[in-house]
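Under the working numbering, the sequence shown has 82 at position 75, and the numbering climbs by one with no breaks.
Ideal Cβ positions, reconstructed from N, Cα and C, are used throughout, including at glycine.
Report on the structure given below.
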Amino acid sequence: MAQLDIPLRPEEKAAEPQTVCVTGATGYVAGHIVARLLAAGHTVHATARNPGNAKSVAHLASLPGAAERLKLFKADLLQEGCFDEALVGCSAVMHTASPYFLDCPPGKEDEMLIGPAIRGTENVLNSVNRAPGVKRVLVTSSVVGVWGDPNERGKGHVFTEDDWNKVAHPKKYPYFYAKMMAERRAFEMEQEAAGRWSLVTLNPGVVWGPPIGNRADGESIEQMIDLLSGAFWPWAPPLGAGVVDVRDVALAHCLALVKESAKGRFLLVNQERGWYLLPDAARILRRSGAYGRAWLPPLLPDYYGLIALGPIMGCPVPITKATYKKRPLVSTAKAARELGITEWIPMQRSVLDMAADLTKKGMVPAWKLPVAWPVLAVAGGVVAWLVYVLGGRLGLF
Numbered sequence: 008m009a010q011l012d013i014p015l016r017p018e019e020k021a022a023e024p025q026t027v028c029v030t031g032a033t034g035y036v037a038g039h040i041v042a043r044l045l046a047a048g049h050t051v052h053a054t055a056r057n058p059g060n061a062k063s064v065a066h067l068a069s070l071p072g073a074a075e076r077l078k079l080f081k082a083d084l085l086q087e088g089c090f091d092e093a094l095v096g097c098s099a100v101m102h103t104a105s106p107y108f109l110d111c112p113p114g115k116e117d118e119m120l121i122g123p124a125i126r127g128t129e130n131v132l133n134s135v136n137r138a139p140g141v142k143r144v145l146v147t148s149s150v151v152g153v154w155g156d157p158n159e160r161g162k163g164h165v166f167t168e169d170d171w172n173k174v175a176h177p178k179k180y181p182y183f184y185a186k187m188m189a190e191r192r193a194f195e196m197e198q199e200a201a202g203r204w205s206l207v208t209l210n211p212g213v214v215w216g217p218p219i220g221n222r223a224d225g226e227s228i229e230q231m232i233d234l235l236s237g238a239f240w241p242w243a244p245p246l247g248a249g250v251v252d253v254r255d256v257a258l259a260h261c262l263a264l265v266k267e268s269a270k271g272r273f274l275l276v277n278q279e280r281g282w283y284l285l286p287d288a289a290r291i292l293r294r295s296g297a298y299g300r301a302w303l304p305p306l307l308p309d310y311y312g313l314i315a316l317g318p319i320m321g322c323p324v325p326i327t328k329a330t331y332k333k334r335p336l337v338s339t340a341k342a343a344r345e346l347g348i349t350e351w352i353p354m355q356r357s358v359l360d361m362a363a364d365l366t367k368k369g370m371v372p373a374w375k376l377p378v379a380w381p382v383l384a385v386a387g388g389v390v391a392w393l394v395y396v397l398g399g400r401l402g403l404f
């Protein structure tokens with residue numbers, strides 16, 4: 008049995024071993040799910056775009072139990088029928104694969120995000136419909152399917168699984184829209200299947216925590232690397248978000264697998280009141296004393312400064328408008344009631360464990376050019392030129 012940061016729950020130990028397909032298995036969240044499934048004695052059919060790339064699957068192949076119970080399959084989200092082979096012999100599917108582009112180029116929303124998210128979900132579930140042994144489907148969605156603006160239902164509203172994102176729009180918030188519509192389509196297909204299989208969707212907040220491998224293939228991993236290496240310096244945008252540890256997300260998936268009474272959607276966040284993600288992470292790292300030389304951003308940009316500079320920092324203007332200094336309120340009562348998750352890994356542990364792990368693996372460069380510096384340098388040059396020209400005309404020089 009693998010050594011896990013969160014030990015197997017009694018329900019996981021007692022469950023009969025089964026064969027589970029995990030799509031997008033090389034991903035950040037999926038790696039922890041695969042590790043947990045193998046530790047519990049399950050056989051895992053892991054799909055990846057290029058399973059023949061030894062580097063991309065090395066972290067999975069080295070997991071305890073992988074040699075005996077991990078099988079790799081090639082699959083592409085947009086290729087109809089490509090999941091059929093991976094589902095042979097499976098009793099459950101965990102669909103974690105989905106495109107992620109928070110800052111999608113204008114005009115490319117359907118091509119890069121919305122179409123692939125919906126068609127990918129349809130392709131997986133069409134394969135499920137052709138696999139008579141599959142009885143349970145779990146889809147990794149997101150809190151952005153529940154809300155986009157923490158105040159969209161009024162200040163003080165506590166979000167639950169009954170809520171659906173009110174502001175999601177294919178042009179304004181394409182990632183939010185893609186995740187919400189893919190999740191809705193999954194529930195539609197469950198209804199169309201008329202009880203042949205049951206569906207659970209997991210809706211995690213921003214996922215942080217140490218990765219299984221040493222590949223920077225997740226947005227959260229890139230954010231932590233940028234935070235430690237100075238790419239955000241000197242500003243940490245105070246954007247409100249629900250946060251959850253990757254190890255808790257994997258636990259929730261595996262409990263939802265074995266608890267047949269678990270139904271519908273599950274919000275996964277580590278506390279009821281959200282965080283200002285990057286400023287709070289920087290504060291935790293600074294107070295730890297372990298990153299004294301890191302280029303941790305000390306300042307909060309004002310609203311209009313972030314509107315101007317946010318896009319070059321990977322933060323689209325609509326996201327800034329929706330989340331600037333707005334912390335969501337979220338209930339995880341359903342996860343406590345049906346999955347038995349009553350305690351969550353706190354933000355401090357997620358941040359410190361993640362930073363220590365990435366640093367130990369040599370994934371954090373000593374320094375990165377702050378993304379805002381070139382723009383500020385150009386702006387400073389323009390201001391200096393204007394001062395020089397106007398000053399000369401006024402006889403100041």
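Open item on the list: When you compare the CB positions of P325 and Y184, do they come within less than 9 Å of one another, or not?
Closed with: For the purposes of this step, residue 325 is taken as the residue at position 318 of the sequence shown. For the purposes of this step, residue 184 is taken as the residue at position 177 of the sequence shown. No, the Cβ-Cβ distance between P325 and Y184 is not below 9 Å.
TODO: Going by CA-CA distance only, name the one from V51, D170, G72, G317 that's closest to G96.
DONE: As a first step, residue 96 is located in the sequence shown; it is residue number 89 there, counting from the start. Ranking V51, D170, G72, G317 by Cα distance to G96 puts V51 first.
- [ ] Give the DSSP-derived three-state secondary structure of G312 in the structure shown.
- [x] Locating residue 312 in the sequence shown gives position 305, counting from the first residue. Helix.
Open item on the list: Please state whether the Cβ-Cβ distance between T208 and F273 is less than 9 Å.
Closed with: Counted from its first residue, the sequence shown places residue 208 at position 201. Counted from its first residue, the sequence shown places residue 273 at position 266. Their beta carbons are under 9 Å apart, which means T208 touches F273 by this criterion.
- [ ] Let me know if A238 comes out buried or exposed under the rule of 16 or more other beta-carbons within 10 Å of its beta-carbon.
- [x] For the purposes of this step, residue 238 is taken as the residue at position 231 of the sequence shown. So A238 ends up on the buried side.
TODO: Can you have a look at D309 and say buried or exposed, based on whether 16 or more other CB atoms are within 10 angstroms of its CB?
DONE: Taking the sequence shown and counting its residues from 1, one reaches residue 309 at position 302. D309 comes out exposed.
Open item on the list: For the stretch 278-286 against the stretch 367-376, do three or more pairs of beta-carbon atoms, one drawn from each stretch, fall closer than 8 Å, so that the two count as touching?
Closed with: no
Task: Coarse secondary structure for N133, derived from DSSP in three states - done: Within the sequence shown, numbered from 1, the residue matching residue 133 stands at position 126. DSSP places N133 in helix when its eight states are reduced to three.
Open item on the list: If contacts are defined as beta-carbon pairs under 8 Å, then R160 and A99 qualify, I think. What distance do you get, rounded to the angstrom?
Closed with: Residue numbering aside, residue 160 sits at position 153 when the sequence shown is read from its first letter. Residue numbering aside, residue 99 sits at position 92 when the sequence shown is read from its first letter. Actually they are not in contact, since the Cβ atoms of R160 and A99 sit about 34 Å apart, beyond 8 Å.
- [ ] Take A189 and list the residues in its own chain whose beta-carbon comes closer than 6 Å to its own, dropping the five residues that flank it on each side.
- [x] Here residue 189 is taken as the residue at index 182 of the sequence shown, counted from 1. Around A189: A124, I125, T128.
Open item on the list: Taking 8 Å as the limit between beta carbons, can you name the residues of its chain near D364, skipping five residues before and five after?
Closed with: On the sequence shown, residue 364 is found 357 positions in, with the first residue counted as 1. Around D364: P217, P218.
- [ ] Classify D169 as buried or exposed, calling it buried when 16 or more other Cβ atoms lie within 10 Å of its own Cβ.
- [x] Taking the first residue of the sequence shown as position 1, residue 169 is located at position 162. Exposed, since its Cβ has fewer than 16 Cβ neighbours within 10 Å.
Open item on the list: According to DSSP, is K163 part of a helix, a strand, or is it coil?
Closed with: Within the sequence shown, the letter at position 156 stands for residue 163. Note that residue 163 corresponds to Gly in the displayed sequence, not to Lys. G163 falls in the coil class under three-state DSSP.
Open item on the list: Quick check on DSSP: helix, strand or coil for A9?
Closed with: Within the sequence shown, the letter at position 2 stands for residue 9. Low confidence applies here, because A9 scores a pLDDT of 42, under 50, leaving its location unreliable; read the following figure in that light. Correct three-state label for A9: coil.
Open item on the list: For G225 and K186, which I take to be in contact (beta-carbon distance under 8 Å), what is that distance rounded to the nearest angstrom?
Closed with: Position 218 of the sequence shown, counting from 1, holds the residue named residue 225. Position 179 of the sequence shown, counting from 1, holds the residue named residue 186. Wrong, their Cβ atoms sit about 15 Å apart, outside the cutoff.
Task: Beta-bridge partners of C28, as assigned by DSSP - done: Along the sequence shown, one-based indexing puts residue 28 at 21. In the DSSP output, where bridge partners are listed per residue, C28 has H52, V100.
- [ ] Within its chain, find whatever has a CB closer than 8 Å to the CB of S236; leave out the 5 residues flanking it on each side and keep chain order.
- [x] Here the question's residue 236 lines up with position 229 in the sequence shown. Around S236: A301, W302, V371, P372, A373, W374, K375.
TODO: Tell me whether F80 sits in a helix, a strand or coil according to DSSP, three-state version.
DONE: For this step, residue 80 is matched to residue 73 along the sequence shown. Here F80 sits in strand by DSSP.
Task: The alpha helix (DSSP H) enclosing T208, as first and last residue numbers - done: Here residue 208 is taken as the residue at index 201 of the sequence shown, counted from 1. Per DSSP, T208 belongs to no alpha helix (DSSP H); it is in the beta strand (DSSP E), 205-211.
Task: Close-in-space but distant-in-sequence residues of the same chain around K178 (CB under 7 Å, 5 per side omitted) - done: To locate residue 178, count along the sequence shown from 1; it is residue 171. If we look at K178 and ignore the five residues flanking it on each side, its Cβ neighbours are E116.
TODO: Go ahead and label R203 buried or exposed: buried means 16 or more other beta carbons lie within 10 angstroms of its beta carbon, across all protein chains shown.
DONE: The residue given as residue 203 occupies position 196 in the sequence shown. Result: exposed.
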